[in-house]
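2 protein chains.
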Amino acid sequence: MQYDFVNELGYLGLAVRLKRLSDAMVHSGRQMYKELGLDIEPNWFLIFRLLKKYNQLSVTEMASKLHFSHPSVITMVGKMEKAGYLNSTLDKSDSRKKHFFLSAKAEENLPRFEEIWQAGTEGVKKLFSEDSNFLNLLEALEVQYSQKDFKERTLNELGNE
Amino acid sequence: MQYDFVNELGYLGLAVRLKRLSDAMVHSGRQMYKELGLDIEPNWFLIFRLLKKYNQLSVTEMASKLHFSHPSVITMVGKMEKAGYLNSTLDKSDSRKKHFFLSAKAEENLPRFEEIWQAGTEGVKKLFSEDSNFLNLLEALEVQYSQKDFKERTLNELGNE
DNA sequence: TATATTTACGTAGTTAACTACATTATTATG
DNA sequence: CATAATAATGTAGTTAACTACGTAAATATA
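Residue numbers (my numbering), protein chains in the order written: chain W, 1 to 161; chain G, 1001 to 1161.
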């Protein structure tokens, strides 16, 4: 790989590297769907998988399970509904709530999508050496980070705060 | 940490998790600068450090060293110039090129900024256990990814290509 | 029971990365 | 030497996350 100044920056460059890598993967995923002629977007698998497991969920419930903001979920499900993959009903006892569930089109197409996501999973898996347990390290990192964020950690080190 | 559906998705959720974590760190960094009353933004340290090392660089040179697109660099240096941290001169022999370098204001403020970035580095370091060598694993991951991207890997697994 | 608080959803605006295209300058080539 | 190719910068538009604010409904409280 060619020279990369960010990698010289050590721990300080971590956020930049994580974002760069993530962006590259998402972009590549978008290209893939386009080439395969599928009208779905990279992060929709989150909602498909979620509704496959839980049958029907409201915006807030999805946001909470994904650790996303609710406007992000609204954007995703809005597009998916428009594309015909989701349907929704209003809650009978609470008129604020809207429940989303997979449409017939979604159920029809899911077997093909699942094939692709399974292949994607295998493909990503092969990015790592057998014994790297990267995902466990990432989980540990997420747990640590959730306990104290960048700002707090830095101010602590500065002796301020 | 509370329930997180993305973590159930294994390798397929990798890109989402990397982005979520990176976004959270950048957001926290922005808050930190605000609280400290500093008029700089999270990723400007990339340009400060780059110009500290190389003295002066053009947009394209910076983009190449950072593995960023040139429009991203233009946006960053544009803001930094406006904030008074950078100056620029046109190349004498090639009038397309513009060289950027740190201003007097930048040199004045850098010692304080470096204190903060050093503290940030220490703070991030403590996210990891002593023996995790996460950065090396990340580097290995980046190298692997640069050789074959998500789309190619997935299509290979699918047997298409 | 009236009012205050919380919850659910929606909209608007911000951010930082990207690609695609446009323009101009330099360099290479027939 | 004219023209084609390449390179540097800039602009416009896309993407997916976010926060902040608004509105309406449900729930809790005085």
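Ideal Cβ placement from N, Cα and C applies to all residues, glycine included.
Cutoff 9 Å: residue i Cβ touching any chain G Cβ
i      : result
H67/W  : yes
Y3/W   : yes
E157/W : yes
D39/W  : no
L21/W  : yes
E192/W : Outside the displayed range of chain W (1 to 161) lies residue 192/W, so it cannot be described from this structure.
A106/W : no
V73/W  : no
Interface partners of residue i on chain G, CB under 7 Å
i      : result
Q144/W : L1127
N109/W : The contacting residues do not exist; N109/W stays about 16 Å from chain G at best.
is_contact[residue i, chain W] using C-beta, thresh 9 Å
i       : result
M1080/G : no
K1052/G : no
L1102/G : no
F1113/G : no
W1044/G : no
G1084/G : no
N1055/G : no
Selection from the options that minimises the alpha carbon distance to residue i
i       : options                         : result
F101/W  : E108/W, G120/W, L57/W and V73/W : L57/W
S72/W   : R30/W, A83/W, W44/W and N7/W    : W44/W
K125/W  : R1112/G, F1150/G and K1105/G    : F1150/G
I1116/G : M1032/G, D1091/G and E1157/G    : M1032/G
F1005/G : L158/W, N87/W, L141/W and R49/W : R49/W
G123/W  : N1156/G, A1104/G and L1086/G    : N1156/G
R1112/G : G1037/G, E1081/G and N1133/G    : G1037/G
Beta strand (DSSP E) segment containing residue i, residue limits
i       : result
K1098/G : K1098 to L1102
N87/W   : L86 to L90
Residue i to residue j span [Cα, whole Å]
i       : j       : result
L1066/G : K1053/G : 13 Å
E1061/G : Q1002/G : 44 Å
I1047/G : K97/W   : 47 Å
R30/W   : E41/W   : 6 Å
D23/W   : G1013/G : 13 Å
D1131/G : K1148/G : 29 Å
E152/W  : V77/W   : 34 Å
S69/W   : A63/W   : 6 Å
T75/W   : S93/W   : 25 Å
G84/W   : E1139/G : 40 Å
D1091/G : L9/W    : 29 Å
8 Å Cβ cut-off: residues of chain W touching residue i
i       : result
T1121/G : G10, Y11 and L12
L1135/G : G10, Y11 and L14
Endpoints, alpha helix (DSSP H) assigned at residue i
i      : result
S129/W : Run containing S129/W: none; DSSP gives neither H nor E here.
Interface partners of residue i on chain W, CB under 7 Å
i       : result
T1154/G : M32, I116, A119, G120 and G123
V1059/G : Going along chain W, no residue has its Cβ under 7 Å from V1059/G, so there is no contact; the nearest lies around 14 Å.
Interface residues of chain W facing residue i [CB-CB closer than 9 Å]
i       : result
V1026/G : A15, V16, K19 and F150
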